[in-house]
Amino acid sequence: MEPLLAEEEDEDHDDGLGSSIASSSTSLASSILRYREENGRTYHAFRAGRYVLPNDEVENERLDLQHHLCTLTLGEKLYVCPAGRDRPLKRVLDAGTGTGIWAMDFADDHPETHVTGVDLSPIQPSFVPPNVSFFIDDLEDEWTFTYKFDFIYARMLTASISDWPKFMRQSYQNLEPGGWIEILDVYLQLQSDDDTIPPDCAAAKWGDHMIEAAAMLNRPLDSMTHYKEQLLDAGFINVTQCLYKWPTNSWPRDPKYKEIGMWTYENLGNGASGLSMALFTRALGWKQEEVEVFLINVRKQMKDRSIHAYWPIYVVYAQKP
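Numbering-wise (the UniProt record's numbering), the sequence shown opens with residue 1 and increments by one.
Have a look at this one:
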């Protein structure tokens, strides 16, 4: 990854952080059909506890915002692997579809393709493109599809899967020969190219606590560092790993990364409570009030433009022989 250069400081600079970007995000989620309440948020009831993020309207709006951030990161693309270049894509699986926004965008772009979206929560909209189907299921169970896919896409499933080698094997088994898999995830270990992360940085500690808590629940948050090896072990070929960067705010000089940084703060900064609450309370034993107080300093340092930090984004794709 190329080092990110910071913009020269301007005392009158306004990040535009806050409600501006968040208010422009329109949630596509339908009403939540099954849920349970915990610390003021709602969580999925089907296979309760397997997914540590909420499934309420606030989280669904964050997921739709995150979709924009991911496509912006990939250069306005939904995916980067060669899937569909050498032959038409008949069937595509969106593993962990969330609100279904990726599946629907893909279906709109590929009307000849049938897209299947699978998730634990029934938070997808009722009105969808005719070539999209959504199912409520657990991807950690044995897959029982009656057909194989030409492309499997999985985004932000880290901390959702306990046995990634099994996920890779099942993906391999459910792909047509020549089919592709692509996985995108964020690594929450904060990094910097110019050593501007201060000692005892709350934003860095937040990522470390998240990784620690997820490991305690057997939901690893560092899973993406092993995807390349696991895909090779499962029998895939043409395994390729690409690294991108999510700046903590709009500190970069590069206009593209400046915009990505603004969206990143909206996604991870304003979304930190929902991202953290279940992990911190269930695994680390924190109280809800302790989490919220801690996150005040986390957000403060995420917005600090003198800290030139970012989170690495891993995109790993591979092909079935």
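Ideal placement from N, C-alpha and C gives every residue a C-beta, glycine not left out. Every value quoted in this text rests on a predicted model; they were computed, and no experiment measured them.
At what residues does the alpha helix (DSSP H) containing ALA154 begin and finish?
Careful: ALA154 lies outside any alpha helix (DSSP H), inside the beta strand (DSSP E) at 149-155.
Touching or not, the segment 80-87 and the segment 128-147, by the rule of three or more beta carbon pairs under 8 Å?
no
Extent of the continuous alpha helix (DSSP H) run through ASP208:
Where ASP208 is concerned, the enclosing alpha helix (DSSP H) stretches over 202-216.
Under 8 Å between C-beta atoms of LEU275 and LEU53
yes
Do ARG91 and TYR172 have their beta-carbon atoms positioned less than 8 Å apart in this structure?
At the C-beta level, TYR172 and ARG91 stay beyond 8 Å of one another.
Tell me which same chain residues have a C-beta within less than 7 Å of the C-beta of GLU175, skipping the five on either side of it?
Looking at the sequence provided, one finds Leu at residue 175 rather than Glu. Taken in chain order, the residues that qualify are LYS148, PHE149, ILE152, ILE181, LYS320.
DSSP state of PHE127, grouped into three classes?
Taken through DSSP and simplified to helix, strand or coil, PHE127 comes out as coil.
Does the beta-carbon distance from THR113 to LEU93 come in below 8 Å?
no
Using 8 Å as the threshold, is the segment 283-292 in touch with the segment 56-72, meaning 3 or more CB pairs across them?
no
By Cβ distance below 7 Å, which residues in the same chain neighbour GLN230 in space, the five residues on each side in sequence not counted?
Excluding sequence neighbours, GLN230 sits near TRP164, PRO165, MET168.
Among HIS209, SER223, LYS303, VAL132, which residue has its Cα nearest to the Cα of ASN249?
LYS303
Please list the terminal residues of the continuous alpha helix (DSSP H) segment that includes ASP105.
101-109
Taking LYS258 as the reference, which of TYR310, ALA214, ALA213 has the closest Cα?
When each option's Cα is compared against that of LYS258, the closest is TYR310.
Which residues in the same chain as GLY243 place their Cβ atom closer than 8 Å to its Cβ, once the five residues preceding and following it in sequence are excluded?
For the sequence presented, residue 243 should be read as Leu rather than Gly. Excluding residues within five positions, the ones whose Cβ falls inside 8 Å are MET1, PRO312, ILE313, TYR314, VAL315.
Can you tell me which of GLN124, PRO130, THR196, SER121 puts its alpha carbon nearest to the alpha carbon of ASP109?
PRO130
Does the Cβ of MET216 have 16 or more other Cβ atoms within 10 Å, making it buried, or fewer, making it exposed?
Flag for MET216 reads exposed.
Using the beta-carbon count (16 or more within 10 Å), is LEU221 buried or exposed?
buried
Endpoints, beta strand (DSSP E) assigned at PHE145:
That residue, PHE145, is in no beta strand (DSSP E); it is neither H nor E in DSSP.
VAL239 versus ALA202, LYS205, SER192, GLY179, residue with shortest Cα-Cα distance:
Across the set ALA202, LYS205, SER192, GLY179, the C-alpha of GLY179 shows the shortest separation from the C-alpha of VAL239.
TRP206 to PHE236, Cα distance in whole Å?
34 Å
Output the boundary residues of the alpha helix (DSSP H) element that contains VAL58.
From DSSP, the alpha helix (DSSP H) with VAL58 extends over 57-73.
Would ILE296 be called buried (16 or more neighbouring beta carbons within 10 Å of its own) or exposed?
Exposed, by the Cβ-count rule.
Identified DSSP bridge partners for ASP119:
ILE136
What first and last residue would you give for the beta strand (DSSP E) that runs through LYS77?
Premise fails: LYS77 is in no beta strand (DSSP E) and is neither H nor E.
Give me the DSSP bridge partner(s) of PRO247.
TYR310
GLU76 classed as buried or exposed, judged by whether at least 16 other C-beta atoms fall within 10 angstroms
exposed
Does the distance from the C-beta atom of residue 333 to that of ALA213 stay below 8 Å?
In the structure as shown, the chain starts at 1 and stops at 321, and residue 333 therefore has no counterpart that could be examined.
Excluding five sequence neighbours on each side, which residues of the same chain lie with their C-beta closer than 6 Å to the C-beta of LEU284?
ALA213
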